[in-house]
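Counting from 46, one number per residue, gives the positions in the sequence shown under the numbering used here. Here a beta-carbon is modelled for each residue, glycine too, at the ideal position from N, C-alpha and C. Worksheet: one structure, shown below.
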Amino acid sequence: MVGTASLDMDPWTVGHAIALTGFYASALLAVGGVLFRNIRLPHADCIPVGSG
Numbered sequence: 046m047v048g049t050a051s052l053d054m055d056p057w058t059v060g061h062a063i064a065l066t067g068f069y070a071s072a073l074l075a076v077g078g079v080l081f082r083n084i085r086l087p088h089a090d091c092i093p094v095g096s097g
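So, in structure tokens, the structure goes:
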């Protein structure tokens with residue numbers, strides 16, 4: 046068949062690849078979220094206390 050890839054992997058290998066992909070994707074999202082939060086929010090020392 047033209048345009049199809051035959052990888053000849055058993056179901057356990059496919060499941061393992063999908064699980065690892067999900068694990069790494071969630072780790073990247075978590076790290077990205079922490080970095081984004083640290084970049085977007087001011088540092089605690091920059092927030093004036095009692096200025097209200």
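Span of the alpha helix (DSSP H), counted from its first residue to its last, around residue i
i, result
"L74", "P56 to R85"
Buried versus exposed call for residue i [16 or more other C-beta atoms within 10 Å across all chains shown]
i, result
"M54", "exposed"
"R82", "exposed"
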